[in-house]
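**Student:** Mapping of the sequence shown onto mature numbering (1 follows the signal peptide of the UniProt record, and there is no 0): residues -28 to -1, 1 to 58, in sequence order.
Pasting in a structure now, in structure tokens, and then I'll have a few things to ask.
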Amino acid sequence: MAAQARLRLLSTLTFLVVHVATTAPAAATSCPPRTCGNLTIAYPFWLPDQQPSSSSAPPCGPSAFQVDSHGGRASLARSFEQETPS
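Have a look at this one:
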């Protein structure tokens, strides 16, 4: 691969990384990390009992990443199989 093509590829990848990092969803910045036992739960994962959603505030992450915390143990509230339309 020519040096010019590598530079173009590197520039494009750098732009994409910076763009994605600076355009994070509002939930990523408005919902602080929470804990479940000694585990930190941060965006896109979220705990519904500690980060409730309402009509004025969306959930702190996608529904597929909702985490349940029981007795300090975390588990996904849904399996990805449940997300598949039937």
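Where a beta carbon is used, it is the ideal one built from N, C-alpha and C, also for glycine.
Since we're looking at a predicted model, the values are computed, not measured.
By the 10 Å Cβ neighbour count, where 16 or more other Cβ atoms means buried, how is Phe(-14) classified, buried or exposed?
**Tutor:** The sequence position of residue -14 within the sequence shown is 15, counting from 1. Classification of Phe(-14): exposed, given that the 10 Å Cβ count is below 16.
**Student:** Can you have a look at Gly9 and say buried or exposed, based on whether 16 or more other CB atoms are within 10 angstroms of its CB?
**Tutor:** For this step, residue 9 is matched to residue 37 along the sequence shown. By the neighbour-count rule (16 or more Cβ atoms within 10 Å), Gly9 is not buried but exposed.
**Student:** What residue from Asp21, Pro31, Cys32, Pro34 has the CA that sits closest to Asp40's CA?
**Tutor:** Numbered from 1 along the sequence shown, position 68 holds the residue referred to as residue 40. It is Asp21.
**Student:** Is DSSP giving Ala46 helix, strand or coil here?
**Tutor:** The residue labelled residue 46 in the question sits at position 74 within the sequence shown. It is a strand residue.
**Student:** Return the first residue and the last residue of the beta strand (DSSP E) that Leu19 is part of.
**Tutor:** In the sequence shown, residue 19 corresponds to position 47, counting from 1. Careful: Leu19 lies outside any beta strand (DSSP E) and carries neither H nor E.
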